[in-house]
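Undergrad: Chains as they are written, first to last, in this note's numbering: chain A, 1 to 284; chain B, 1 to 284; chain C, 1 to 262; chain D, 1 to 287; chain E, 1 to 214; chain F, 1 to 214.
Think of the CB as a built atom: it goes at the ideal place given N, C-alpha and C, for glycine as much as any other residue.
The structure displayed is predicted, hence computed values, not measured ones.
Here's a structure for you.
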Amino acid sequence: MDDQRERITEYTRKCADSFLQETRMEEPGPRMTLDNLSMSYGDFRALEDIMLEIPRERITAIIGPSGCGKSSLLRCLNRMNDIIPGCRVTGEVRLDGENIYDPGYDVIRLRRTVGMVFQKPNPFPKTVYENVAYGPRLAGVKDKGELNGVVEESLKKAALWEEVKGKLLGPAMNLSGGQQQRLCIARVLAVEPEVILLDEPCSALDPVATQRVEDLLAELKERYTMVIVTHNMQQAARVSDFTAFVMIENQGEPGEVVEFGETNHIFTNPADERTERYITGRFG
Amino acid sequence: MDDQRERITEYTRKCADSFLQETRMEEPGPRMTLDNLSMSYGDFRALEDIMLEIPRERITAIIGPSGCGKSSLLRCLNRMNDIIPGCRVTGEVRLDGENIYDPGYDVIRLRRTVGMVFQKPNPFPKTVYENVAYGPRLAGVKDKGELNGVVEESLKKAALWEEVKGKLLGPAMNLSGGQQQRLCIARVLAVEPEVILLDEPCSALDPVATQRVEDLLAELKERYTMVIVTHNMQQAARVSDFTAFVMIENQGEPGEVVEFGETNHIFTNPADERTERYITGRFG
Amino acid sequence: MIFLFIFRESIPAITSQRFTLMTTNWSPNVTDPAAGQYGMLAFLNGTIFTTLGGMVLGAPLGIGTAVFITRIAPARIGGTISRGIELLAGIPSVIIGWFGLTLLVPQIARWTGTSGYGVMAASVVLAVMILPTVAALSAEALKSLPPELEEASMAMGATRWQTIRCTLLPAAKRGILVATVLGMGRAIGETMAVQMVVGNARQIAFSLTERTSTMTSRIITDMGESTGVFRSALYAQGLVLLLLAMMLILGVKLISRDKRVK
Amino acid sequence: MKPKTADRLATIAFWLLGGITVGVLLFIILQIFGRGILTALNPRFLLGKPEAMKEGGGVLPMIVSTLYLTGLTLAISLPVSLGAAVFLSEYAREGRLTNAIRFCVDSLASLPSIVFGLFGMTLFVIYFGWGYSLIAGAFTCAILNLPTLMRSSEESLRSVPGTYREASLSLGATKWTTVRQVVLPSATPGILAGTMLTIGRIIGESAAIVYTAGLFVRNIPTSPMDTAAPLAGYIWYAQTEALIPDFRRVVDGGAALLLLLVLLVNFAARRIGRYYQRKKMAGGADG
Amino acid sequence: MKARKDFHQQLDELYLELLRMANATMEVLERTRAAFRDVDMEAAQSIIEGDDEIDGYVTRIDGEGIKLLARQAPVAIDLRTIVIIMRISQELERAADNCVNISKAMENMQGYALSPWIRENMDEMFRWAIKIIVGAVNAFKERDPDMAEELTRMDDTVDRINREFLTTYDRESEDETELVVRVVMTARFLERVADHGVNIGKEVRYMVTGEFAD
Amino acid sequence: MKARKDFHQQLDELYLELLRMANATMEVLERTRAAFRDVDMEAAQSIIEGDDEIDGYVTRIDGEGIKLLARQAPVAIDLRTIVIIMRISQELERAADNCVNISKAMENMQGYALSPWIRENMDEMFRWAIKIIVGAVNAFKERDPDMAEELTRMDDTVDRINREFLTTYDRESEDETELVVRVVMTARFLERVADHGVNIGKEVRYMVTGEFAD
Ligand SMILES: Nc1ncnc2c1ncn2[C@@H]1O[C@H](COP(=O)(O)OP(=O)(O)OP(=O)(O)O)[C@@H](O)[C@H]1O
Ligand SMILES: Nc1ncnc2c1ncn2[C@@H]1O[C@H](COP(=O)(O)OP(=O)(O)OP(=O)(O)O)[C@@H](O)[C@H]1O
Ligand SMILES: [Mg+2]
Ligand SMILES: [Mg+2]
Ligand SMILES: O=P([O-])([O-])[O-]
């Protein structure tokens, strides 16, 4: 008996790293800061006075009911809204201290620093290789060897290399949906972003492919700051470290951030009653 | 204090119906019985030796990995496979005792008894009214008043009446995705089926619309026998009373039913280890 | 059935004039058809020459317009232009021909000091004729590209021109190619407008301003008075046109099959 | 900065290209209407009879011919092409045969219309001995348009989502009911669009009809066997032969008129299509 | 927007089931009190035998709770409610177990005479323990997080009386050692009952606020 | 196909954390045994003070368990594992609480002389109780559902010795009543420790098989 006990002791001692330290991770400083951000489509005000801090090298999820402005909020972060006619933004979004809405700010550089992955996997109708090489090529990389290196590395980071290394020159469209989405992530990784925005990246995927992408995000968060918009609360619960809950108080009003905090906290004990009602499915 | 206790007693006594009786519902007899069912697409054998009993007035979920033959199995139940060229079925499927694959069996009648709802909402490009009236009209109902009655009743059963009663003559395509799917359910209800088959009915819907449809299924199960194919295990867990887990042992082999049982049991304590591995996400 | 018919009708010409069909000598004899010479090389040349001319002018313009209306112009302007282009497609070819005749030919005559009829006039007319086809179909191809492609490219920090050049045009390549080929089909088959401006000479054109004929214009010119082998020779031209058409179809099929695979 | 400069240059280039197209377009339309609109709307021109050698002729018989021809052609080609399209898309098993049929039809569709004219002249006018007549013209036009019509109908039938068919069948409908109630109605817009294109093509067609339907008539054609002179052919005739002293007036006016006609038909067809679709959508099983 | 009707109905059902269990437990407590007061051996026996009813509740609530957790993926208040209901049912079961223990102890007290002091004090303890359980159940019913403090305060009284049994009584009483031991143990059991009540109060607080009690 | 790497890693972590807690609990048990044997008041005091460590484990395991339930929607074996880990941690905590109780009882035994009989029997009980807890933890570690029966059998021995304290010793001993009460209660506490071990065994059985023990 004492022998057995000894073995148990030994076994547990092996796990040298303290559990305590791991669970309470120190709060990372913000990578992006939204300050009093408002945006409108023409006369329609979609978001008002958003204050938010996107923590560095963590996954931040944005959840909320349909039409509350999640996607709009996300697209403010790399000025993809600039493309939409009639869209106006006021307030500040600071990336490492600089306001990206400053008139002089280089949008092209911004979009390379803050990459984006979309709802539907949207690889270019080119080969797998060309998809990943697209960004570096735009930036002027011509050298074949260098390109090869970037492509391989990006695909490896996106946990896709093993699956596609035989079909690099095959059309990207022949990949499965989940592979396509990871390819899109690899494509973004190839331009060496610091922040990655993901707008419902799994909503067009089946559960298995979704699982894969989620696993990938978990791996990537060691090196990248990520913001993910998702309709699916369970997904937010599973993958994110921090969660922002956005909603519209009354029909026609702009969206606002009702609660922002650690995901653990939001899903076990949200501070705001509206958050609680939403995540427990008690709305309306 | 005693006073308080008295109030508690009274409160709990009010719930006259015994909890016990509700949780352990008596096993309902089978409505459909699959006996040694096998099916092939040309040379490819998709399903082999399926034995299954679909309980009466309960929701039976069919879950399993992609491509295991869930949809094929479902479509055997109302002979929608007849449409697919090269598809062959052997074995028996008995509906209330009669084998629906008997040469003399009336397929048209079968499909009215065993209705079907598809993955993507597919209302006809007609008005809301005409969509629901389609089935009764086919059956020869001409009388305006009778049709009106059937339409209203079906829409009410599908929990859609309140939302669409003002737009009965508007195009069905203008409804939201979730409304369209409930309209499709209403359309099926209008032909007074006994069994309703649903092939991933929520996979094209957002979580809110999904919730609505799930609620509807919960209401309908009092009167209809339902079989739902879903990719989403959580959904199967939420809505069904019984669950069948289908899978393919090895690549290229036909699908088989690995486990069938009460949903409670499958999701808390499955009998087969493969089921357990699948539902806890431990495959591969 | 129609193929067979055309083939049968052209047999007399092919058999009797086997060696002369590919010459440039076209001297039909109305009263005794068998005595005429029916070399169609000049017309084949005319067809190819005018078609190429039309393509060179019309295709870039059409594709450029398509890009303009789908990606560059503000939505309202783009919409108006594309409706106008549809309208242009509906204008009967005789009218375009009429314009070529009354406006273009005199202009060319004034500039070059020739009659003004000829390949150049025909090319310009054809360019106008195929413009709507190429522009509308290319625009369709560009429009049917998923908007996500553009977003993806922009999100990676590409400029609009980089996006168009590196993503949109390659992605719509097949659709644009099909548009061009269909435009070419239209150019080859066009009859009336060309006939009105090409000059209808029975000679090979070596320069842009020489009069010549195309196969279709020759058919329409001679159709009313032909009999016997003469008519059969016209049919033989029809047969050649048919073969050209079939080649184009096969081309389109191949292009679009490619697309289906990918 | 280089990509940005390139971007700016390219933008300017595209504006230029777009501008040229718009220029051409505006120029042509303005020219047509500028020259011919007054003539076209002049009652004497609109309702008068044509003159062979004199000035001042009208074009009424030509207008009637055009409409007559259009009607006849559609009457022949629509049922045939629809039937064939339904057969090909709904009933025929996919295989060699259907593919061969499609290839032939496609080849026919891209055949120059003049070849059809030649064919029509030999077969209908001479061989059948119908002479220059509306019916010969109509048959020629019908054959000319059959491939387009059939393929566009088939395409639109095919593009009806399979899910509609499944839905209908799963509600216990037969195949024919399904085609009638669901497939055809939802393909209607596509079929109509194809028909509209065809109508435009018939109105503007000249090559195929000048030697089948006829070039010149003085009287309004009444029977299908009458010789006719559709407007487009007449314009071509008027300017090539130049026998009429005021042929320029005739051609200008005719051009404007033709354009108006095309616009009118487009507009009407769109209207009818929308009306029909609405009716079909609301209409019952017996509609 | 969302509804999750079915789930919330089932959750309410579970809630009611726990209230029913609480009811049954309180009845057992009352009966134990009466049995002790009247030294009624038959009543004690029936309490021992009736424990299966309580165990049945636990099995059902556990099964139902696990089922809801497995099937409904609850979060936030819903999740806390389910987990805490399962936990409270365990507390109640142990409270009831202590009644069984008391009843068993009574068997061995047969033949001894209980002094009025013992009766009075024990009854006082019973009253307080029951009061605490009632309060705890009430806190659960009313979802009242603040009751926890009051329950802790009430528990002090129970502890005080228990300590009297444990220090004053067992030193000074002249009763037979065996009787002393039984009586002290009975007091101890009641003290446990009160503790379980206090635990329930804390768990209710967690359920409502999401904050673990210190 | 699926992976859920992250989740299963976290689950393993939770598993290990419970093993660490079990370790700590067994240490406390051993220390209590030694303290009782050597009548070492200082050791007893340090056991009372050290209880916070065990409570810390419970708080962490509860928090982590709830977090996993809220975020990962676990089912089947995963769900049972989480629920049971939370439950076992509570059992262990209560076992440790009983050690604290024993230590507190020892304070009141100061000054009395413990007979060799008491020492021997109590040490025997300690040995068995520890054996049971070790067995239970082992069952958990090895995911062994069959240990539950053996633990129940071992518990019979503990119960037997406890009954001896409760019936033979308290009637026949000539020790002071106060001492008798403390000793009997200590035995009772150890009996509870063994019970918690048995409970753990049953919970392991449920975790592995999904069947609630009878
Ligand atoms: N381009 C646009 N022009 C005008 N209004 C827009 C535009 N895009 C979005 N909106 C409106 O802004 C609001 C927020 O839209 P947004 O797409 O950000 O919501 P969302 O939360 O992402 O919704 P979903 O969950 O459905 O994706 C909605 O009311 C929407 O109708
Ligand atoms: N019409 C068909 N012809 C040939 N093979 C088919 C056909 N339909 C399905 N199959 C094959 O039969 C197998 C089972 O397909 P089925 O659609 O039933 O799977 P499923 O479980 O519903 O998959 P999913 O979850 O992706 O919908 C697959 O291997 C599929 O490739
Ligand atoms: Mg969105
Ligand atoms: Mg399927
Ligand atoms: O069961 P307990 O040891 O907590 O009284």
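Taking 7 angstroms as the cut-off, is the CB of isoleucine 84/A close to at least one heavy atom of ligand 1?
TA: The answer is yes for isoleucine 84/A.
Undergrad: Would you mind sorting serine 93/C into buried or exposed? The rule is 16 or more other CB atoms within 10 Å of its CB.
TA: Buried.
Undergrad: Under 8 angstroms, do glutamine 179/B and leucine 160/B count as touching if we go by C-beta distance?
TA: Yes. Within cutoff.
Undergrad: Using a 10 Å radius around the Cβ and a threshold of 16 neighbouring Cβ atoms, would you call isoleucine 327/D buried or exposed?
TA: This structure cannot settle anything about residue 327/D, because the visible part of chain D is limited to 1 through 287.
Undergrad: Give me, in chain order, the residues of the same chain whose beta-carbon lies closer than 6 angstroms to that of threonine 73/D; leave out the 5 immediate sequence neighbours on both sides.
TA: Ala138, Cys141, Ala142, Ile202.
Undergrad: How about tyrosine 134/B: is its C-beta nearer than 8 angstroms to some C-beta of chain D?
TA: For tyrosine 134/B, the answer is yes, since a Cβ of chain D falls inside 8 angstroms of its Cβ.
Undergrad: Answer yes if the region 83-96 of chain D comes into contact with the region 184-191 of chain C, meaning at least three C-beta pairs across the two stretches below 8 angstroms, and no otherwise.
TA: Judged by Cβ distances under 8 angstroms, the region 184-191 of chain C makes no contact with the region 83-96 of chain D, as fewer than three pairs qualify.
Undergrad: Look up methionine 116/A in the DSSP assignment and give the residues it is bridged to.
TA: The partner list for methionine 116/A (beta bridge, DSSP) reads Leu197/A.
Undergrad: Who are the near neighbours of methionine 1/A in its chain, counting only those whose CB is closer than 6 angstroms to its CB and skipping five residues on each side?
TA: In this prediction, methionine 1/A has a pLDDT of 49, which is less than 50 and means its spatial position is unreliable; nothing more can be read from the coordinates.
Undergrad: Counting only C-beta atoms, is aspartate 6/F closer than 8 angstroms to chain A at any point?
TA: Yes, because at least one Cβ of chain A sits closer than 8 angstroms to the Cβ of aspartate 6/F.
Undergrad: Since alanine 136/C and isoleucine 176/C are thought to touch, with beta carbons under 8 angstroms apart, how far apart are those beta carbons, to the nearest angstrom?
TA: Contact doesn't hold; Cβ gap of about 12 angstroms is too wide.
Undergrad: Are the beta-carbon atoms of leucine 231/D and isoleucine 32/D separated by less than 8 angstroms?
TA: For leucine 231/D and isoleucine 32/D, no; Cβs fall outside 8 angstroms.
Undergrad: When the cut-off is 8 angstroms and only beta carbons count, does glycine 152/B lie next to chain F?
TA: Checking the displayed sequence, the identity of residue 152/B turns out to be glutamate instead of glycine. With 8 angstroms as the cut-off, glutamate 152/B does not count as an interface residue toward chain F.
Undergrad: If you drop the 5 nearest sequence neighbours on each side, which residues of the same chain put their C-beta closer than 6 angstroms to that of alanine 122/C?
TA: Counting only Cβ-Cβ distances below 6 angstroms, and skipping sequence neighbours, we find Thr50, Val194, Val197, Val198.
Undergrad: Along the region 68-87 of chain E, where does the CB come closer than 8 angstroms to a CB of chain A? Name the residues.
TA: Listed in sequence order: Ala73, Pro74, Val75, Ala76, Ile77, Asp78, Leu79, Arg80.
Undergrad: I'd like to know if the region 44-51 of chain E and the region 233-249 of chain B are in contact, where contact means that at least 3 CB-CB pairs between them fall below 8 angstroms.
TA: Touching, no, given that fewer than three Cβ pairs across the two stretches are closer than 8 angstroms.
Undergrad: Report whether the distance from the Cβ of alanine 46/B to the nearest heavy atom of ligand 2 is below 7 angstroms.
TA: Because some heavy atom of ligand 2 lies under 7 angstroms away, the Cβ of alanine 46/B counts as near it: yes.
Undergrad: Should aspartate 206/B be flagged as near chain A, meaning a C-beta pair shorter than 8 angstroms?
TA: With 8 angstroms as the cut-off, aspartate 206/B counts as an interface residue toward chain A.
Undergrad: Under a CB-based cut-off of 8 angstroms, is isoleucine 54/E close to chain B?
TA: Chain B contact via Cβ: absent.
Undergrad: Short of 6 angstroms in beta carbon distance, which residues of its chain neighbour arginine 45/B, apart from the five on each side in sequence? Order them along the chain.
TA: Cβ within range, chain order: Pro254.
Undergrad: What residues from the region 98-116 of chain B come within 9 angstroms of chain D, judged by C-beta to C-beta, listed N to C?
TA: Cβ contacts with chain D come from Val107, Ile108, Arg109, Leu110, Arg111, Arg112, Thr113, Val114, Gly115, Met116.
Undergrad: Taking Cβ positions only, does glycine 65/E come closer than 8 angstroms to chain A?
TA: No - not a single Cβ of chain A is within 8 angstroms of the one on glycine 65/E.
Undergrad: Per DSSP, aspartate 35/B forms a beta bridge with which residues?
TA: The partner list for aspartate 35/B (beta bridge, DSSP) reads Glu92/B.
Undergrad: Around the Cβ of glutamine 21/A, are there at least 16 other Cβ atoms within 10 angstroms (buried) or fewer (exposed)?
TA: Unreliable placement is indicated for glutamine 21/A, whose pLDDT of 40 sits below 50; no coordinate value is reported for it.
Undergrad: Find out if the Cβ-Cβ distance for the pair serine 89/E, tyrosine 112/E is shorter than 8 angstroms.
TA: No.
Undergrad: Pull out every residue of the region 157-176 of chain C whose Cβ sits closer than 8 angstroms to any Cβ of chain A, in chain order.
TA: The region 157-176 of chain C vs chain A, Cβ under 8 angstroms: Gly157, Ala158, Thr159, Gln162, Cys166, Thr167, Pro170, Ala171.
Undergrad: Does any CB atom of chain E fall closer than 8 angstroms to the CB of glutamate 219/A?
TA: Not closer than 8 angstroms to any Cβ of chain E, the Cβ of glutamate 219/A fails to qualify, so no.
Undergrad: Could you work out which residue in Asp82/B, Cys76/B, Val191/B, Asn232/B is closest to lysine 175/D when comparing CA atoms only?
TA: That would be Asp82/B, whose Cα lies nearest to the Cα of lysine 175/D.
Undergrad: Tell me which residues of the region 170-194 of chain B have at least one Cβ-Cβ distance to chain E shorter than 9 angstroms, keeping chain order.
TA: Against chain E - using a Cβ distance shorter than 9 angstroms - the region 170-194 of chain B contributes no residues.
Undergrad: What does methionine 106/F reach in chain E if we use C-beta pairs closer than 9 angstroms?
TA: The contacting residues do not exist; methionine 106/F stays about 14 angstroms from chain E at best.
Undergrad: Cα separation between lysine 167/A and leucine 169/D?
TA: Spanning the two alpha carbons is a distance of roughly 41 angstroms.
Undergrad: Looking at ligand 1, does it come within less than 7 angstroms of lysine 167/A, judged from the CB to the closest heavy atom?
TA: Lysine 167/A Cβ: outside cutoff for every heavy atom of ligand 1.
Undergrad: Where does alanine 271/B fall in DSSP's three states?
TA: Looking at alanine 271/B - three-state DSSP - the assignment turns out to be coil, as it is neither helix nor strand.
Undergrad: Using 10 angstroms around the beta-carbon of glutamine 110/F, count the other beta-carbons present and answer buried if the total reaches 16, otherwise exposed.
TA: With fewer than 16 other Cβ atoms within 10 Å, it is exposed.
Undergrad: By Cβ distance, which residues of its chain are closer than 7 angstroms to aspartate 78/F, with the 5 residues on each side in sequence left out?
TA: Once the five neighbours on either side are set aside, the close Cβ partners of aspartate 78/F are Leu11.
Undergrad: Please report how far the alpha carbon of serine 115/C lies from the alpha carbon of arginine 202/C, in whole angstroms.
TA: About 16 angstroms.
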